[in-house]
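Asker: This structure is in structure tokens; I'll ask about it shortly.
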Amino acid sequence: MTLHHPLRTVVLCAAIALLGACSSKADRIQSGLDKGAEYVRLADWDKANVEMRNVLQIDPKNAQAFFLAGQISEAKGEIQRAYSNYSKAVELKPDHTDAKVGLARIYMLAGRLADAEKTLSEVLSANAAHVGALTMKAALTARQGDPVGAMAQAKALAEAQKTPVIDVSMLLAGLHANQGNPTAALAVIDSTLKAHPKNLSLLQVGAQITANSTDETVRRRAVDFFRLATEAAPKNIDLWNAWAIHHTRLNELDLAEAVLRNSVRAQPDDSQRTLALLDFMGSRRGKDVAEKEFLAAIAAKPKEAKLRFGLVNLYRNSNRTADAHRVLQEIIDTGKDTPSALTARNLLAADLLAGGKVAQARALNDEVIKASPRDGAALVMRGRMLLSDGDARSAVIDLRAAAKDQPGSPEVAAL
Numbered sequence: 002m003t004l005h006h007p008l009r010t011v012v013l014c015a016a017i018a019l020l021g022a023c024s025s026k027a028d029r030i031q032s033g034l035d036k037g038a039e040y041v042r043l044a045d046w047d048k049a050n051v052e053m054r055n056v057l058q059i060d061p062k063n064a065q066a067f068f069l070a071g072q073i074s075e076a077k078g079e080i081q082r083a084y085s086n087y088s089k090a091v092e093l094k095p096d097h098t099d100a101k102v103g104l105a106r107i108y109m110l111a112g113r114l115a116d117a118e119k120t121l122s123e124v125l126s127a128n129a130a131h132v133g134a135l136t137m138k139a140a141l142t143a144r145q146g147d148p149v150g151a152m153a154q155a156k157a158l159a160e161a162q163k164t165p166v167i168d169v170s171m172l173l174a175g176l177h178a179n180q181g182n183p184t185a186a187l188a189v190i191d192s193t194l195k196a197h198p199k200n201l202s203l204l205q206v207g208a209q210i211t212a213n214s215t216d217e218t219v220r221r222r223a224v225d226f227f228r229l230a231t232e233a234a235p236k237n238i239d240l241w242n243a244w245a246i247h248h249t250r251l252n253e254l255d256l257a258e259a260v261l262r263n264s265v266r267a268q269p270d271d272s273q274r275t276l277a278l279l280d281f282m283g284s285r286r287g288k289d290v291a292e293k294e295f296l297a298a299i300a301a302k303p304k305e306a307k308l309r310f311g312l313v314n315l316y317r318n319s320n321r322t323a324d325a326h327r328v329l330q331e332i333i334d335t336g337k338d339t340p341s342a343l344t345a346r347n348l349l350a351a352d353l354l355a356g357g358k359v360a361q362a363r364a365l366n367d368e369v370i371k372a373s374p375r376d377g378a379a380l381v382m383r384g385r386m387l388l389s390d391g392d393a394r395s396a397v398i399d400l401r402a403a404a405k406d407q408p409g410s411p412e413v414a415a416l
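Using the numbering used here, read the sequence shown as starting at 2 and increasing by one per residue.
What follows is the structure, encoded as structure tokens:
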């Protein structure tokens with residue numbers, strides 16, 4: 002059948018539009034993967050997570066996105082989630098060797114050494130020269146109680162590379178450090194940094210080795226490693242906090258405070274950084290100094306509830322219960338039915354209940370449940386009050402509802 006010219010034009014335009022749409026979709030996926038990988042390199046886990054969620058919304062069966070999500074979860078210490086993501090990547094793409102190496106690493110962390118060995122064998126049977134798998138095999142050898150064998154494997158692997166491989170170097174440095182030889186460990190790190198001068202993982206390992214060393218000459222280098230690491234990843238709060246802890250352990254409180262203040266300057270909108278500074282002030286500079294800092298921070302960011310909750314904790318730790326309750330009431334008054342206001346009601350109600358003011362506690366509890374019927378903390382509290390009233394049947398209903406959202410909660414189980 003021959004199409005008339007107008008119809009041919011319509012079909013051609015539709016085909017071109019479809020190709021354009023497919024290309025645009027593929028471009029968005031690749032862009033998300035590239036951005037996510039870069040955020041992983043910078044240890045900006047929140048942004049990396051957003052990119053992976055976006056990719057998986059477009060393509061729910063993208064193996065590489067699940068692999069990167071596994072790396073993100075692993076770095077955040079979310080081991081079960083990392084395992085799920087790596088497993089999904091392998092399910093979708095059985096020959097995804099990097100995901101299998103990630104699985105082997107999770108198995109090793111969980112003490113499932115036989116599973117780790119089996120998974121690595123699968124990778125190496127397909128590619129005997131897979132550097133990641135060989136690195137993990139050396140790490141597994143060390144975990145199995147053979148540090149000498151692990152060192153031999155790691156050295157042979159490092160010598161076989163034309164340019165230093167980051168994971169191999171980190172393993173080799175770690176093995177040297179575990180043998181009490183920080184000088185050799187740092188020599189490996191320094192050599193690899195020449196090829197990868199801004200690699201965050203290398204800088205972190207260097208900071209960890211030097212900060213934990215009992216050799217003062219070695220330990221003095223920790224500051225340089227921390228400085229370079231925070232310059233490479235200024236959004237990584239863990240690096241800043243580790244740096245401050247290093248100075249605190251050495252009783253270098255002025256330096257620790259300076260690091261925490263620089264952390265706040267690097268990301269002024271991150272309230273967790275401000276809280277880290279204020280917690281330090283409370284524990285090291287005195288509660289009066291910390292209170293002034295808290296009030297100044299709250300004045301600068303009056304809508305930031307986390308700062309007010311931090312002040313509540315300071316007052317509680319100072320046995321200033323009335324002041325703690327006053328701040329909680331301020332959060333309630335300004336927040337209405339926001340999550341922070343509901344949390345404040347729960348905290349205030351718990352204090353009132355502990356102080357024998359049952360009617361006031363019950364009124365606050367009713368407000369929370371009215372605004373959020375499945376609020377776990379409120380349901381547990383109402384369950385407690387119902388038990389005290391002798392209404393065990395109604396209490397069990399509340400506690401069962403709370404248990405659905407808080408499986409394994411010791412508090413719920415105890416009641």
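Cβ atoms here follow ideal geometry from the backbone N, Cα and C, with glycine treated the same way.
Looking at the secondary structure, which residues open and close the alpha helix (DSSP H) in which L308 lies?
Answerer: L308 -> alpha helix (DSSP H) spans 306-318.
Asker: Could you pull out every unbroken alpha helix (DSSP H) segment of at least 4 residues lying fully inside the region 143-216, listed in chain order?
Answerer: Within the region 143-216, the complete alpha helix (DSSP H) runs of at least 4 residues are 148-160, 167-179, 183-196, 201-212.
Asker: Using 8 Å for Cβ pairs, my map puts L279 next to E258. What's the rounded Cβ distance?
Answerer: So it is not a contact: roughly 11 Å between Cβ atoms.
Asker: Use the C-beta contact count for L400: other C-beta atoms within 10 angstroms, 16 or more gives buried, fewer gives exposed.
Answerer: By the 10 Å Cβ count, L400 comes out buried.
Asker: Could you tell me whether the region 22-41 touches the region 211-220, using the rule of 3 or more Cβ pairs below 8 Å?
Answerer: Judged by Cβ distances under 8 Å, the region 22-41 makes no contact with the region 211-220, as fewer than three pairs qualify.
Asker: Return the CA-CA distance between A300 and Q330, expressed in angstroms with no decimal places.
Answerer: Using only the alpha carbons, I get a separation of about 17 Å.
Asker: Assuming K236 and Q268 make a contact with CB atoms under 8 Å, what is their CB distance in whole Å?
Answerer: Going by Cβ atoms, the distance from K236 to Q268 rounds to 6 Å, so yes, they are a contact pair.
Asker: Report the start-end ranges of each alpha helix (DSSP H) in the region 68-129 that is 4 residues or longer and not cut off at the edges.
Answerer: Listed in chain order, they are 80-93, 98-110, 114-127.
Asker: Using the beta-carbon count (16 or more within 10 Å), is V290 buried or exposed?
Answerer: That one is exposed.
Asker: Would DSSP call Q268 helix, strand or coil?
Answerer: Coil at Q268, not helix or strand.
Asker: Measure the C-alpha to C-alpha separation of V313 and A325 and round it to an integer number of angstroms.
Answerer: Approximately 5 Å between the Cα atoms of the pair.
Asker: Alpha carbons only, please: which of D47, Q65, D45, A44 is nearest the one belonging to S32?
Answerer: Nearest C-alpha to S32: Q65.
Asker: Considering Cα atoms alone, identify which of V124, W241, L365 is closest to P95.
Answerer: For the residues V124, W241, L365, the minimum Cα distance to P95 belongs to V124.
Asker: Could you give the residue range of the alpha helix (DSSP H) that holds M386?
Answerer: Unbroken alpha helix (DSSP H) run through M386: 377-389.
Asker: In the DSSP assignment, the alpha helix (DSSP H) including E52 goes from what residue to what residue?
Answerer: Where E52 is concerned, the enclosing alpha helix (DSSP H) stretches over 46-59.
Asker: Mapping DSSP to helix, strand and coil, what is T339?
Answerer: Coil.
Asker: With D367 as the anchor, note down where its alpha helix (DSSP H) starts and where it stops.
Answerer: 359-372 is the extent of the alpha helix (DSSP H) around D367.
Asker: Only counting the same chain, and skipping five residues up and downstream in sequence, which positions put a Cβ closer than 6 Å to that of Q361?
Answerer: Here the set comprises L353.
Asker: If you measure between the beta carbons of A139 and A151, is that distance less than 7 Å?
Answerer: Cβ distance < 7 Å, so A139 and A151 count as in contact.
Asker: Per DSSP, what kind of secondary structure is E39 in: helix, strand or coil?
Answerer: Of the three classes helix, strand and coil, the one that applies to E39 here is helix, per DSSP.
Asker: Below 8 Å on the Cβ atoms is my contact criterion, and I expect A157 with L173 to pass it. Report the Cβ-Cβ distance as a whole number of Å.
Answerer: That belief does not hold up - the Cβ atoms of A157 and L173 are roughly 10 Å apart, past 8 Å.
Asker: Considering A291, what are the terminal residues of the alpha helix (DSSP H) in which it resides?
Answerer: That run of the alpha helix (DSSP H) goes 288-301.
Asker: Contact defined as beta carbons within less than 8 Å: I believe H247 pairs with A212. What is the distance between those atoms, to the nearest angstrom?
Answerer: Contact flag correct, Cβ pair sits at about 5 Å.
Asker: Is R309 buried or exposed, if buried means 16 or more other CB atoms sit within 10 Å of its CB?
Answerer: When all chains shown are included, R309 counts as buried.
Asker: In angstroms, rounded to a whole number, what distance separates the CA positions of D376 and I332?
Answerer: For D376 and I332, the distance between alpha carbons rounds to 18 Å.
Asker: Within 8 Å, do at least three Cβ pairs link the region 102-113 to the region 74-91?
Answerer: Contact between the region 74-91 and the region 102-113 is present, because at least three Cβ pairs lie under 8 Å.
Asker: If you draw a straight line from the alpha carbon of R321 to that of L348, how long is it in whole angstroms?
Answerer: Distance between the alpha carbons of R321 and L348: 15 Å.
Asker: If you draw a straight line from the alpha carbon of A403 to that of R383, how long is it in whole angstroms?
Answerer: Using only the alpha carbons, I get a separation of about 10 Å.
Asker: Let me know the secondary structure DSSP gives E331 once reduced to three states.
Answerer: If DSSP states are grouped into helix, strand and coil, E331 belongs with the helices.
Asker: What is the C-beta distance between F281 and A243, in whole angstroms, given that I count them as a contact (C-beta under 8 Å)?
Answerer: In fact, because the Cβ distance is near 13 Å, the residues do not count as touching under 8 Å.
Asker: Please state whether DSSP places D352 in a helix, a strand or coil.
Answerer: Correct three-state label for D352: helix.
Asker: My output table needs one value for N242: the three-state DSSP class, helix, strand or coil.
Answerer: It is helical.
Asker: Give me the Cβ distance between E368 and R385, rounded to the nearest whole Å; I'm assuming they're in contact under 8 Å.
Answerer: The Cβ separation is near 17 Å, so there is no contact.
Asker: Determine the extent of the alpha helix (DSSP H) in which A230 is found, giving its start and end residues.
Answerer: 223-233 is the extent of the alpha helix (DSSP H) around A230.
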